[in-house]
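Respectively, the protein sequence lines represent chains A and B. Note that numbering that gives the first Met the number 0 has the first sequence beginning at 0, numbered continuously upward. Note that numbering that gives the first Met the number 0 has the second sequence beginning at 0, numbered continuously upward. Just so it is clear, CB atoms sit at the ideal spot from N, CA and C, and this is done for glycine as well.
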Amino acid sequence: MVKAKKKPKRQIGKHLRLMAKWTGKYGFLLIPIFIILFTESYLRTIVPLFGQHIIDVILEGDKPSKLPEILANLLIADSVWQQLLLAAGLIIATALVRSIFIFIRRLINGIYAERTAYKLRNKLYRRLQDADYGFHSHSETGDLIQRCTTDVDMYKRFISEQVVQVGRLIFLVGLSIWQMSRLNLNMTFISLIIAPVLFIIAVFYFRKVEKMFHVIEDNEAKMTTHVQENVSGARVVKAFANEAYEVKKFDGLSRTYTDSDYQLVKKMSVFWSVTDLLSFIQFFMIAIFGIIYASKGIITLGMYTAFLAYAGNIIWPMRQLGRLVGDFSKAIVSVSRLDKIISNPGEYNDDEKNEKPEIKGQVKFEHVSFKFDDGQSDQIIDIDFNINKGETVAIIGKTGSGKSTLINLLVRLLDYQKGRILIDGVEVKDIEKHHLRKNIGFILQEPFLFSRSVEENIKIADKTIPEDRIKTVAKIAQVHDDIVNFEEGYNTLVGERGVTLSGGQKQRVAIARMLVQPKPILVFDDSLSAVDTVTDIQIRRALKKEWKDSTVLIITHRITTASEADKILVIDDGRIVESGTHKELINREGSYKRIWEIQSKIDFRLK
Amino acid sequence: MNDHLRDEEHFSSKKIDWQVWKKIFSFMKPLKKFIILGLLTVALLAVADVVYPYIVKFAIDDIIKPNIPIVEAGGQADFSKLNVLIYLFIGFMLLQAFSVYLFILFAGKIQTELAFNIRKRAFHHLQQLPFSYYDRTRVGWIMARMTSDTRNLSEILSWGFIDLAWGVFLIVILTGFMFVINFKLALTVLAVVPILVLISVFFRKYILKAYRSIRKVNSKITGAYNEGITGAVTTKTLVLEKENFDEFDGLTIDMRRQSVKAHMLQGLYFPSMLFIISIGVSLVYLVGGRMVLDPIIALQIGTLYLFTNYVWQFFEPVNNVANIYARFQQAQASAERIVSLIETEMEIKDTDEVVEKYGTLFDYKLENFETIKGDVEFKHVDFKYKVGEKVLTDFNIDVKAGQTIALVGHTGAGKTTIINLISRFYEPTSGQIFIDGKDYKDRSMGWLHSNLGYVLQTPHLFSGSVMENIRYGKLDATDEEVINAAKAVEAHEFIMKFEKGYQTECGEGGSRLSVGQKQLVSFARAILSDPKILILDEATSSVDTETEQAIQIAINKLLEGRTSFIVAHRLSTIVQSDRILVLENGQIIEEGSHQSLIDAKGYYYKLYTNQYSEDMFSHQQK
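Written as structure tokens, this is what we have:
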């Protein structure tokens, strides 16, 4: 946050250009908006002149009208009463025109703002989907979501409301000053004494308040985190009988938050009362000097009332202008945060031209090495092995040894720097990514289910499959019985708005989902870890029966699983340290044998 | 569960429900002083708003007007009344600024303190709710009550309420004052006010409605981003980019349409008000101008000026009143939800006699707490959850202090229910549970829980340091005690490997530690609290083999000298327990030690042999 705030100052130009670029063709709507704004503001500055005309010309008589000539001429009539009628009619007519202008302007503005925001939201979504694996593993979900919502709103408000607001205020102030100068120059100067002071105070105040907002947000976050943890850890709280402690801690945090909030209120009360006082001092000066000028006949009575009205046009907007200056820096920060997402080219760039060969299932790693962009040493070192079509290979190794990275290279979630990975003799880098992934069934350790029904989740990759097929795959994945036990069976909603599935259930639904379309290559990234041993075996047996020709790569911690594979690779620190069949490996001194011995002693799960 | 899931729709009644508001207003009682002072200051403010144009009228009619003919005739202007005016002005300015200052302070005080009171009460109540409540209520639901609903209510009841009072005061004072000054012009102004009110109420209502539907779409969009981001890799592996995007596009189009509609309503509202007010102003010029010209009435110009001003004065208060009326209707949903939280019935609570003797959850009478031995006995216990079938029927067990009991069986066999009952997270539907020979309902929950340790399947840690997390087991433990507890469960070693050792932050929910590390920390926490009865729900998720071994050793340490109930998955844990209860459909179908159950060749034997995969077993035999 702090970093992001300092940087953009040097790049205001760049970010302004970005703002304009993102509005695209809709940016041109600003032209009619500003034209209407100008007219509208002009009409508003005429309103006090009607009062002046009525008082000076019609009621008092003989004084010059300050209305534009065209309008003044319209008000010429024989009797005073007729003149009054005409004036009243003209006031209403002007108001009508103004009202229509305002409405049209706001409508155009709304279309401009929402179209731009719509485009931006979609662009962000697309970018996020296309962003590569590295991007996603390095960013925080909450932060990205905030960018896509709060920052988009901030940007939208800036390019529509705030830019327009600034225009409106400048037009209004400028035209009011011009109108006043037509009435009397000295009085104009007197009317402008306090305005700059108000503006400066407002700028400083809103800057300062901005900082206080951060403190308040922090305090609120601390408090809500406490509630969140207390509620989700209710068992722990109750089991340790710490209710009193929790209440005390909460009261403390809630108090801190309340007090910091009240600090802001105190600042607010000073700001608003002081600026109110200053504004009224300005009015006061106009009123007093006006009395003297009007009494001496330097200005007319009607002009006097007009000056009082113009003063309002100038003074009140000053506080707002001060706030808008503060908002500008916020908008710049938002734009720079959004640009981080938008400027990401994504992984599908230039991918269209790649091949789409038929994939049968032979996989070959040739001296593959890989390191992360920010990494210092290789994560994967000189991996070399071959899997024939239909074979099963188990990969075993400690957490962090590089197992997942290895298979991420296969589906090109990551790209290796050295060596080659070949599928049926074609290097994966030459295969179009979508095509590659469609042919590889990849199940993650913590698979993600979309928040819709179980059934929709299973058929997400192919919405046309018949219902009985859904049940069949669910049975193969050993999740059918769980599903029918849910209150609403296959229609049960999962995810945020529905039931929470256990880790094992999620993994099994993910397997069912993958089974919907036949795949020549299957990859399990420890994706049966939360399933008990029996079910694990049942699933693998059923799979084998269903797809005996598929090549299978399976990452696991379970020796029982590994032992059934045609080949086992033991990975440590990014290297293959042992490989062979189960029989070969347990007769050889090494880490596989050691793990096997420990597991036969303790790792046995009963459910 | 379902009524909570449909919550947001559930609370949206249209009529004002005074019962609910009464309860909410009760939170404002302690703030009475500020409310009265707040009302007084906005009344002053309303007076100031009415007086200000009058000062100008005074200047016009009593100073400028009389001077004009004098000056025109070549005389000297008379400014003797200027002094009065200056005093009036200074008085007015001070009154105005001071009222604004106080009004903000008071409204702010009411807002912040009211929110504080509501949260305090809600949180306090949450701590007393039984576990069943947390089982069927989503965290998000509770969080929304504690944050957005509270904020909503406190804002409307402070700023909203005071704004409303100001609006009403101003309208009343203004109307009265106008009639005092000039009856006919007052009537002229009032001719347009009802139209203003109608327009305001109409638009405010629809604008709020429009914004509500925007917020709904917005939360869908946020949800879609969330899925798009957290499910990004899954999307890639399933190649769902296009489908997802099309769906998202549908949402954003909807958002755009709704928003433009809201812009349109907003865009119509202000111009219509402006137009009506301008008609009012014209009317005043017409009627008033005629009165100025009429030599008999000879209305003063200043009065005419005053009334054209007063027409404009109606704009803000009318707008405010309409706005707040609409918001009050909306805030009722928040009020209902908060009331529903703080009035959630406590299904499990200590009887008055128990509270009398042992104190409340927040204030133990430790002097009356008996020392616990650790005998646990279930006598004819039946249990069923609120919805669903009976889980336990006539369940009986008798466990002596210090024994280790392993609970074995399929999901749904009743293992979790038994440990929930022992912990008194739920109470038996019928039958009794005795601890040290006395029905546990005759002692307080505080007594039970301060003697009970609970280690969860998925360990829950709090944000804060490792030290603080372990200390949660015994709040007054010294650093040394904490470290000893960690050493006892083999957690010390990995903790010291962290750069900051025991001061390492665990992150929210312990997210910065691995699953295995979290488990060890939760063991240390349990051992520090030194409970007589220990409940252990073993984890099923796999950790790497070395960590697994450490956990195994720690568990053995943990069980020493305590009555323990274990939902067991690990063979070694089961083998070492004193008694194994094999459960099926809420019944004990087999019971005994590992060896005796194997010898019996019954259900347990079948489970045991089935699970132990054939080839592995044969390898071991060889």
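Q416(A) is positioned such that its CB atom lies no closer than 7 Å to that of S526(A). DSSP places F361(B) outside both helix and strand once states are collapsed to three, so it counts as coil. For the 7 Å CB-CB criterion, L552(A) and V522(A) form a contact.
Taking a C-beta cut-off of 8 Å against chain B, the contacting residues of the segment 530 to 562 of chain A are D531, T532, V533, I536, H556, R557, I558, T559 and S562, listed in chain order.
Looking at the DSSP output, E426(A) sits in a beta bridge with L421(A). For N438(A), not one C-beta of chain B is nearer than 7 Å to its own C-beta. Secondary structure of Y603(B) (DSSP, three-state): helix. Taking a C-beta distance under 7 Å as the contact criterion, L186(B) and I275(B) do not qualify as a contact pair. Proximity to G506(B) across M466(B), M142(B), F57(B) and T149(B) peaks at M466(B), based on C-alpha coordinates.
Here DSSP, grouped into helix, strand and coil, assigns E219(A) to helix. Neighbours of T148(A) in chain B, taken as residues whose beta carbon is under 8 Å from its own, are N217, I220, T221 and Y224 in chain order.
For V291(B), the nearest beta carbon of chain A is closer than 7 Å to its own beta carbon. In the DSSP assignment, F394(B) falls outside any alpha helix (DSSP H) and within the unbroken beta strand (DSSP E) covering K389 to V398.
Taking a contact to require three or more Cβ pairs closer than 8 Å, the segment 97 to 108 of chain B and the segment 320 to 339 of chain B do not qualify as touching. Short of 6 Å from the beta carbon of T149(B), and not among the five residues preceding or following it, lie these beta carbons of its own chain, in chain order: A114, I117 and R118. One thing to note: V230(A) has its Cβ within 7 Å of the Cβ of I141(B).
At a cut-off of 7 Å between beta-carbon atoms, E240(B) makes contact with chain A.
Within the segment 425 to 450 of chain B, those residues whose Cβ lies closer than 7 Å to any Cβ of chain A are, in chain order, G445, H448 and S449. A contact is defined here as three or more CB-CB pairs under 8 Å, and the segment 86 to 94 of chain B meets this definition with respect to the segment 279 to 294 of chain A. Look at the beta carbons and you see the segment 278 to 294 of chain B not touching the segment 221 to 237 of chain B: under three pairs across the two are nearer than 8 Å.
With respect to the C-alpha of I538(A), the residue from I475(A), W595(A), D531(A) and H434(A) having the closest C-alpha is I475(A).
Neighbours of D248(B) in chain A, taken as residues whose beta carbon is under 7 Å from its own, are N121 in chain order. Take K544(A), set aside five residues on each side of it, and no residue of its chain has a beta-carbon closer than 8 Å to its own.
Cα atoms of E242(A) and F564(B): separation of roughly 24 Å, rounded to the nearest angstrom.
Among the residues of the segment 239 to 252 of chain A, those with a Cβ less than 7 Å away from any Cβ of chain B are F239, A240, N241, E242, A243, Y244, E245, V246, F249 and D250, in the order of the chain. In terms of Cα proximity to I532(B), the closest of F239(A), D480(A) and I189(A) is F239(A). Burial is judged here by how many other beta carbons sit within 10 angstroms of a residue's own beta carbon; N108(A) has at least 16 and is buried. Counted as a single uninterrupted DSSP element, the beta strand (DSSP E) harbouring Q431(B) occupies residues S429 to I434. Under the 8 Å Cβ criterion, the segment 437 to 451 of chain B does not count as touching the segment 485 to 500 of chain B, having fewer than three qualifying pairs.
Taking 7 Å as the cut-off, the beta carbon of A330(A) is found closer than this to the beta carbon of F157(A).
For the options E365(A), G133(A) and A393(A), the alpha carbon positioned closest to that of I380(A) is the one of E365(A). The beta carbon of S443(B) lies closer than 6 Å to those of D349, V353 and Y357 in the same chain, with the five residues before and after it left out. Inclusion of K517(B) and L460(B) in the CB contact set at 7 Å is warranted, their separation being smaller than that value. Cβ contact annotation for R524(B) (same chain, cutoff 6 Å, sequence separation greater than five): I469, Y471 and G472, in chain order. Residues of chain B whose Cβ lies closer than 9 Å to the Cβ of A286(A) are, in chain order, I54, V55, A58, L84 and F88. Every alpha helix (DSSP H) of 4 residues or more that sits fully in the segment 324 to 376 of chain B is shown, in chain order, as 351 to 357.
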